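Written out below as structure tokens is the structure these notes cover.
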Amino acid sequence: MLKQQTDVLIIGAGPSGCVAASYLHNNNIKVKVVEKSKFPRFVIGESLIPRVMDHFEEAGLLESLKAMNFEKKFGARFIRGEEICEFDFSEKFGEGWDWTWQVPRADFDNTLAKEVVSKGIDLEFESEVLDVVFNEDGSSITTVKNKEGDINEIHARFIIDSSGYGRVLPRILKLDAPSSIPENSSLFSHVKDVNRPEGREGVLISFDILETKVWLWVIPFSNGNTSIGVVGPTSFINSLGGSNAEALKEVINRSDFYRDRFKDVDFLFEPHKIENYSCSVTKLCGPGFTLTGNSSEFLDPVFSSGVCFATESGMLSAKLFLKELQGEKVDWDKEYTEYMKYGVNVFATYVKEWYTGNLQTLFFHRPENPDVKKKICAVLAGYVWDKENSFVKKHAHVIKNMAYMIEMGKTMDQESYDN
Numbered sequence: 004m005l006k007q008q009t010d011v012l013i014i015g016a017g018p019s020g021c022v023a024a025s026y027l028h029n030n031n032i033k034v035k036v037v038e039k040s041k042f043p044r045f046v047i048g049e050s051l052i053p054r055v056m057d058h059f060e061e062a063g064l065l066e067s068l069k070a071m072n073f074e075k076k077f078g079a080r081f082i083r084g085e086e087i088c089e090f091d092f093s094e095k096f097g098e099g100w101d102w103t104w105q106v107p108r109a110d111f112d113n114t115l116a117k118e119v120v121s122k123g124i125d126l127e128f129e130s131e132v133l134d135v136v137f138n139e140d141g142s143s144i145t146t147v148k149n150k151e152g153d154i155n156e157i158h159a160r161f162i163i164d165s166s167g168y169g170r171v172l173p174r175i176l177k178l179d180a181p182s183s184i185p186e187n188s189s190l191f192s193h194v195k196d197v198n199r200p201e202g203r204e205g206v207l208i209s210f211d212i213l214e215t216k217v218w219l220w221v222i223p224f225s226n227g228n229t230s231i232g233v234v235g236p237t238s239f240i241n242s243l244g245g246s247n248a249e250a251l252k253e254v255i256n257r258s259d260f261y262r263d264r265f266k267d268v269d270f271l272f273e274p275h276k277i278e279n280y281s282c283s284v285t286k287l288c289g290p291g292f293t294l295t296g297n298s299s300e301f302l303d304p305v306f307s308s309g310v311c312f313a314t315e316s317g318m319l320s321a322k323l324f325l326k327e328l329q330g331e332k333v334d335w336d337k338e339y340t341e342y343m344k345y346g347v348n349v350f351a352t353y354v355k356e357w358y359t360g361n362l363q364t365l366f367f368h369r370p371e372n373p374d375v376k377k378k379i380c381a382v383l384a385g386y387v388w389d390k391e392n393s394f395v396k397k398h399a400h401v402i403k404n405m406a407y408m409i410e411m412g413k414t415m416d417q418e419s420y421d422n
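Have a look at this one:
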């Protein structure tokens with residue numbers, strides 16, 4: 004049995020793991036990354052939001068991603084019948100990036116991983132974590148099985164669990180908890196977008212609302228392919244007849260906006276189905292570890308928050324470990340758990356109010372309120388920790404109250420939410 008020593012063990016080589024590994028390596032911390040899969044590998048979460056650009060830049064990964072010429076995403080469009088609502092990230096409240104990418108995640112994640120390896124970071128693919136034992140001081144012994152079937156041990160001072168849907172530490176430490184988000188499911192695939200219109204229309208990411216709780220995503224990539232999928236209550240998804248391909252085609256046929264573009268296009272692979280995907284945990288950190296990204300919380304894909312929370316939590320985990328290593332006191336509950344949960348709760352409110360219909364009422368209300376739209380746009384861009392934004396600070400009630408007043412036919416004084 005091989006025994007290895009490292010400062011930080013990172014489980015998972017997705018965006019969270021790569022951001023954390025690169026940042027720590029750049030600060031002369033010894034890092035070991037273990038990844039169960041062989042890259043490139045398929046994963047969902049193809050629409051990014053601008054906040055992630057801060058993390059890639061700070062981790063020294065941005066230039067490698069720019070070189071890939073992924074499709075740039077400058078905003079998002081929401082469609083409801085003949086009603087259209089578009090958000091432009093350059094017109095959001097506050098500072099921050101005004102663009103990001105929409106990406107085939109297999110290529111995107113592989114680019115990140117290759118850049119991490121090129122930096123000299125020890126990244127081991129096809130290595131499965133079998134068990135983790137924590138010592139009283141927070142150090143740990145992790146048992147892994149490599150691709151040759153050998154069982155080895157990794158001794159680490161700290162673990163960052165970026166295992167995503169694998170949820171390694173939540174499974175081992177029994178930390179799983181039910182989500183407060185309604186139980187939804189999704190069907191999705193990629194197509195060769197042979198009917199793609201020229202210009203902006205052809206590359207614009209869009210969400211077509213078929214019913215209040217059922218929506219279709221369309222995410223065009225720079226390689227000529229497009230991701231297309233449907234999200235809805237699990238009961239709705241399961242009520243669709245036939246194979247996954249037949250079910251997804253049935254939903255596409257319900258879209259007046261996209262029916263003609265995709266009606267004769269074959270799927271590049273049999274559509275995947277994910278049921279009841281929202282999840283949570285009883286805690287985000289403990290002595291010697293943090294949970295990041297989808298290994299901690301996963302909400303709903305309607306606002307593309309998944310990668311943002313992954314990179315935010317990965318970067319924060321790395322920074323706080325470094326801070327503690329340098330002799331500074333870290334209040335993990337306050338600086339990590341409370342911070343991350345605040346952002347999660349803001350986004351969770353928007354997800355819930357989307358499915359109640361209240362947020363859709365704000366999106367499609369005319370005439371538009373420019374101030375309201377800018378503040379909502381900042382949330383959709385991922386800047387959910389900016390309490391200068393009243394739609395962040397007062398997220399728990401502002402959407403519901405405004406929707407109620409709109410439905411009552413009254414005009415709200417937005418300044419009252421800024422006081």
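Using our numbering, the first residue of the sequence shown is number 4, and each one after it goes up by one.
Don't be surprised by glycine CBs; every beta carbon is placed ideally from N, CA and C.
As the structure is a computational prediction, the values presented were derived from the model and not from experiment.
Query raised in the report: Do you know offhand how far residue 415's Cα is from residue 396's?
Result: Its pLDDT being 43, under 50, residue 415 is placed unreliably in this model, and the value from its coordinates should be taken loosely. If you draw a straight line from the Cα of residue 415 to the Cα of residue 396, it is about 18 angstroms long.
Requested in this report: Go through its chain and collect everything with a Cβ distance to residue 143's Cβ below 6 angstroms, but skip five positions before and after it.
Outcome: Cβ neighbours of residue 143 beyond the five flanking positions: 135, 137, 159, 162 and 291.
Report task. Could you pull out every residue in the same chain whose Cβ sits closer than 7 angstroms to the Cβ of residue 72, ignoring the five residues on either side in sequence? Result -> For residue 72, same chain residues with a beta-carbon under 7 angstroms away, outside a window of 5 residues either side, are 225 in chain order.
**Report entry** Sufficient close CB pairs (3 or more, under 8 angstroms) joining the stretch 11-23 to the stretch 161-175
**Finding:** Contact between the stretch 11-23 and the stretch 161-175 is present, because at least three Cβ pairs lie under 8 angstroms.
Query raised in the report: Between the Cα of residue 65 and the Cα atoms of 45, 103 and 80, which residue gives the shortest distance?
Result: In terms of Cα proximity to residue 65, the closest of 45, 103 and 80 is 103.
Query raised in the report: Can you find at least 3 beta carbon pairs, one from the stretch 308-320 and one from the stretch 41-56, that sit closer than 8 angstroms?
Result: With the rule of 3 Cβ pairs closer than 8 angstroms, the stretch 308-320 counts as touching the stretch 41-56.
Query - First through last residue of the alpha helix (DSSP H) which encompasses residue 327 - result: Where residue 327 is concerned, the enclosing alpha helix (DSSP H) starts and stops at 309-328.
Query - Where the alpha helix (DSSP H) containing residue 359 begins and where it ends - result: Looking at the DSSP string, the run of the alpha helix (DSSP H) that includes residue 359 is 342-359.
Query raised in the report: What are the boundary residues of the beta strand (DSSP E) that includes residue 90?
Result: That run of the beta strand (DSSP E) goes 86-91.
Query raised in the report: Exposed or buried, residue 177, counting other C-beta atoms within 10 Å across all chains shown (16 or more means buried)?
Result: By the C-beta density criterion, residue 177 is exposed, having fewer than 16 other C-beta atoms within 10 angstroms.
Requested in this report: Examine the Cβ distances between the stretch 273-283 and the stretch 331-342 and report whether three or more of them are shorter than 8 angstroms.
Outcome: No, the stretch 273-283 does not touch the stretch 331-342.
Requested in this report: Drop a sphere of 10 angstroms on the beta-carbon of residue 373, count the other beta-carbons inside from all chains shown, and report buried for 16 or more, exposed for fewer.
Outcome: Exposed, since its Cβ has fewer than 16 Cβ neighbours within 10 Å.
Requested in this report: Report the partner residues of residue 229 according to the DSSP bridge assignment.
Outcome: Answer by DSSP bridge pairing, in chain order: 194 and 223.
Query raised in the report: Ordered along the chain, which non-local residues of its own chain (more than five positions away) have a Cβ less than 6 angstroms from that of residue 249?
Result: Here the set comprises nothing.
**Report entry** Alpha-carbon to alpha-carbon, residue 195 and residue 223
**Finding:** So the two alpha carbons sit approximately 10 angstroms from each other.
Query raised in the report: CA-CA distance, residue 406 and residue 365?
Result: The C-alpha of residue 365 is placed about 6 angstroms away from the C-alpha of residue 406.
Query - Separation of residue 227 from residue 211, as counted between CA atoms - result: Put simply, the backbone Cα of residue 211 is about 20 angstroms away from that of residue 227.
**Report entry** residue 145 to residue 343 span [Cα, whole Å]
**Finding:** Spanning the two alpha carbons is a distance of roughly 26 angstroms.
Query raised in the report: According to DSSP, is residue 144 helix, strand or coil?
Result: Here residue 144 sits in strand by DSSP.
Requested in this report: Give, in chain order, every unbroken run of the alpha helix (DSSP H) that is at least 4 residues long and sits entirely within the stretch 256-285.
Outcome: Runs of the alpha helix (DSSP H) lying entirely within the stretch 256-285, each at least 4 residues long, are 262-265 in chain order.
Report task. In the DSSP assignment, find the unbroken alpha helix (DSSP H) run with residue 393 in it and report its ends. Result -> Its alpha helix (DSSP H) spans residues 393-396.
Requested in this report: Leaving out five residues on either side along the sequence, give the residues of the same chain with a beta carbon under 6 angstroms from the beta carbon of residue 24.
Outcome: Excluding residues within five positions, the ones whose Cβ falls inside 6 angstroms are 13, 34, 36, 119 and 124.
Report task. Can you give me the Cβ contacts of residue 106 inside the same chain, cut-off strictly under 6 angstroms, excluding the 5 residues immediately before and after it? Result -> Excluding residues within five positions, the ones whose Cβ falls inside 6 angstroms are 49 and 73.
Query - Three-state secondary structure (DSSP) of residue 173 - result: Three-state result, residue 173: helix.
Report task. Have a look at the DSSP bridge pairing and note the partners of residue 199. Result -> Per DSSP, none; premise fails for residue 199.
Query raised in the report: For residue 77, which residues of its own chain have a beta-carbon under 8 angstroms away from its beta-carbon, when the five flanking residues on both sides are left out?
Result: Its chain contains 91, 92, 93, 101 and 102 as the residues whose beta carbon lies nearer than 8 angstroms to that of residue 77, once the 5 sequence neighbours on both sides are disregarded; these appear in chain order.
Query raised in the report: Which same chain residues, not among the five before or five after residue 380, have their C-beta less than 6 angstroms away from its C-beta?
Result: Here the set comprises 90 and 95.
Query raised in the report: Who are the Cβ neighbours of residue 43 in its own chain at under 6 angstroms, not counting the five residues just before and after it?
Result: Taken in chain order, the residues that qualify are 109 and 113.
Query raised in the report: How is residue 218 classed by DSSP in three states: helix, strand or coil?
Result: Here residue 218 sits in strand by DSSP.
**Report entry** residue 208 - containing beta strand (DSSP E), residue span
**Finding:** That residue, residue 208, is in no beta strand (DSSP E); it is neither H nor E in DSSP.
Requested in this report: Just tell me which of 170, 173 and 271 has its CA closest to the CA of residue 229.
Outcome: The shortest Cα separation from residue 229 among 170, 173 and 271 belongs to 271.
Query raised in the report: On the premise that residue 38 lies in contact with residue 127, defined as a C-beta separation below 8 angstroms, what is that separation, rounded to the nearest angstrom?
Result: Going by Cβ atoms, the distance from residue 127 to residue 38 rounds to 7 angstroms, so yes, they are a contact pair.
Query raised in the report: Any idea if residue 187 is buried or exposed, counting beta-carbon neighbours within 10 angstroms, 16 or more meaning buried?
Result: Counting Cβ neighbours within 10 Å, residue 187 comes out buried, since at least 16 surround it.
Query raised in the report: With DSSP run on the structure shown, which of helix, strand or coil describes residue 44?
Result: Reduced to three states, the DSSP call for residue 44 is coil.
Query raised in the report: What separation, rounded to the nearest whole angstrom, lies between the Cα atoms of residue 255 and residue 322?
Result: Distance between the alpha carbons of residue 255 and residue 322 is about 44 angstroms.
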